[in-house]
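Reading through the structure tokens given below for one structure.
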Amino acid sequence: MSRSLRQFLKTPAGRFLARYAVILAVAFAFIALKPVNDHVVNPYTTFVAHEGALALRLLGEEATVNNRILSSRRFAVAIYNGCNGLEAILIFACGILAFPAPWRSKFLGLALGFLGIQLFNVVRIVALYYTGVFKPAWFSTAHVLVWQSLVILFAVSMWILWVQRYATQKSQ
Amino acid sequence: MPRKKASNRRAFWRRLRWSVPTALLLWLIFRGPYNTFLAFSAEKLCRLFENPPATRVVVEEDKAVIGREDMRTGSGWLGYSLTQIHFNFIPTLALILALPGWRRGEGWQKLVWAITVLAASHVLALVFHVQFFFATSLGPWSYATYSDTARNVLGFLQYFFDIPLTFTLPLLLWVGLYWEEVLDLVGFSGAVEPNTQGSAP
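If you're matching them up, the sequences are chains A and V in order.
If you count the first sequence from 1, you need to add 156 to reach our numbering.
If you count the second sequence from 1, you need to add 11 to reach our numbering.
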């Protein structure tokens, strides 16, 4: 390890980055375990599908959920790992856990961030559903390109807002 | 100083509004040649470890079509979306371009580093997709050629490059390469200690 890297790791920024990378690696490895996937991730993904169906029913659609497939007579979307918002939640939550801030701020950030990302993900599912209904040819681009990019940017933006609002507020 | 930070923050949110479409436009312009580069590099990298070399990775529209030359024509070929591999170029570039002062000092050099790391991760992601496909989807040939351990390792690497790395690289590269500017933005520079009262180490 070069001296500059060692020096960097001694700085607050270096410690944050190192902690962030370690917590993130552990979190992603954890959700990749089969028992966790079967008993936590899959039920959570089904829950996300139910949230999407509820939102669509509020908008007048006859949406139902079968396992992790959200469908109506007009269109159907399958929600898999990678589409359930869990990655965005991990990016955000690990950023909070790695940042040196009071635990109260961290818990508040985790709770608000979880709700915010859930809400954003429901908007994404509803938008993708209607993209599939009205412009099916655009579905793939909207799904892979637009919304995945927006999910990452949303999680990073939430983290920045949390740091600015709750983690460093008193120090200024 | 606090006024400068507040103006930095406002500038960041303002710049993010145009940096996202700019990044998207650049991605659209370079997508075609980049797809060709990805397919070419992944094929060469796979062939380095084969004797005789047989991996084929060709670009068809937005897909990498993966197969082997030493199999019958009707054998399995996989079409995999290349956008799924390299869409993270957009949030990474958008975050960098939105950062006030990103061009200061070695800013451009850092941008080249970010693109290089992303490109390397994209090539490796495609390589592991190819290898995972060979190890699991070509019937008896897969079972004769790859061990269970190899299948598990390749499955893990495919997952790692497909989801965790793809989703987290934008933030890691942004904070890692432009940490002074990012920490300045969030109010966590060397001169300003964060609010750590009551925090765990």
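Glycine included, each C-beta is placed from N, C-alpha and C at the ideal position.
Is the distance from the Cβ of residue i to the Cβ of residue j below 8 Å?
i, j, result
"V141(V)", "I96(V)", "no"
"L242(A)", "I281(A)", "no"
"L284(A)", "A298(A)", "yes"
"L246(A)", "A183(A)", "yes"
"A220(V)", "L137(V)", "Residue numbering for chain V in the displayed model covers 12 to 212; residue 220(V) lies beyond these limits and cannot be assessed."
"L149(V)", "G87(V)", "yes"
"M168(V)", "R20(V)", "According to the sequence provided, residue 168(V) is Leu. The question's Met does not apply to it. No."
"I101(V)", "S305(A)", "yes"
"F178(V)", "A109(V)", "no"
"N240(A)", "V204(A)", "yes"
"L49(V)", "V134(V)", "yes"
"S153(V)", "F143(V)", "no"
"V233(A)", "S92(V)", "no"
"I252(A)", "L266(A)", "yes"
"A311(A)", "W190(V)", "no"
"F255(A)", "F172(A)", "yes"
"V186(V)", "L309(A)", "no"
Starting from residue i, trace the alpha helix (DSSP H) both ways and give me its first and last residue.
i, result
"L184(V)", "P175 to L188"
"I225(A)", "No alpha helix (DSSP H) holds I225(A); the beta strand (DSSP E) holding it covers I225 to S227."
"T202(A)", "N198 to L214"
"R175(A)", "P168 to A188"
"E243(A)", "L242 to A254"
"S153(V)", "P151 to T156"
Under the rule that 16 or more other beta-carbon atoms within 10 Å means buried, what is residue i, buried or exposed?
i, result
"A174(A)", "exposed"
"V192(A)", "exposed"
"A17(V)", "exposed"
"V289(A)", "exposed"
"T47(V)", "exposed"
"S261(A)", "buried"
"T201(A)", "buried"
"L176(V)", "buried"
"K121(V)", "buried"
"Y322(A)", "buried"
"A202(V)", "Confidence is the limiting factor: at A202(V) the pLDDT is only 39, short of 50, which leaves the residue's position unreliable, though a coordinate-based value still follows. Burial call: exposed."
"T94(V)", "buried"
"R79(V)", "buried"
"E204(V)", "Any reading at E204(V) must be qualified, since the residue scores a pLDDT of 47, below 50, and its modelled position is unreliable; the value itself is stated next. By the neighbour-count rule (16 or more Cβ atoms within 10 Å), E204(V) is not buried but exposed."
"A125(V)", "buried"
Nearest by alpha-carbon distance to residue i: which of the options is it?
i, options, result
"L275(A)", "D194(A), N198(A) and H206(A)", "H206(A)"
"K74(V)", "L180(V), R42(V) and V197(V)", "R42(V)"
"Y286(A)", "N198(A), W315(A), R162(A) and S227(A)", "S227(A)"
"L215(A)", "A234(A), V278(A), L253(A) and L165(A)", "V278(A)"
"R230(A)", "V302(A), G238(A) and T220(A)", "T220(A)"
"P199(A)", "N223(A), E217(A), A209(A) and A257(A)", "N223(A)"
"T160(V)", "T147(V), F171(V) and G90(V)", "T147(V)"
"L35(V)", "I316(A), A323(A) and W303(A)", "W303(A)"
"W29(V)", "A105(V), F171(V) and W119(V)", "A105(V)"
"A181(A)", "L194(V), F172(V), W190(V) and G198(V)", "F172(V)"
"D81(V)", "F98(V), V69(V), A125(V) and N62(V)", "N62(V)"
"V307(A)", "T103(V), E117(V) and S158(V)", "T103(V)"
"S296(A)", "F98(V), P32(V) and W113(V)", "F98(V)"
"T127(V)", "L188(V), F139(V), V193(V) and R25(V)", "L188(V)"
"E217(V)", "V31(V), A131(V) and G90(V)", "Outside the modelled stretch of chain V, which goes from 12 to 212, sits residue 217(V), for which no answer is possible."
"L268(A)", "E217(A), C250(A) and W318(A)", "W318(A)"
"I330(A)", "E217(A), M314(A), C250(A) and L161(A)", "Because chain A spans 157 through 328 in this model, residue 330(A) falls outside it and cannot be assessed."
"L189(A)", "E192(V), L37(V), V186(V) and G166(V)", "G166(V)"
"R115(V)", "T33(V), R25(V), R83(V) and E192(V)", "E192(V)"
"Y45(V)", "A155(V), G198(V) and A131(V)", "A131(V)"
Please list the terminal residues of the continuous beta strand (DSSP E) segment that includes residue i.
i, result
"R230(A)", "Looking at the DSSP string, R230(A) is not in any beta strand (DSSP E), and its letter there is neither H nor E."
"N222(A)", "T220 to N222"
"E71(V)", "T66 to E71"
Any heavy atom of the ligand MG within a distance shorter than 7 Å of the CB on residue i?
i, result
"A323(A)", "Absence of the ligand MG is noted for the structure shown, with no ligands found whatsoever."
Complete alpha helix (DSSP H) runs within the stretch 75-148 of chain V (minimum length 4 residues, chain order): 93-97, 100-109 and 118-148
Can you list, in chain order, the stretches of the beta strand (DSSP E) that have 3 or more residues and sit fully within the stretch 265-319 of chain A? none
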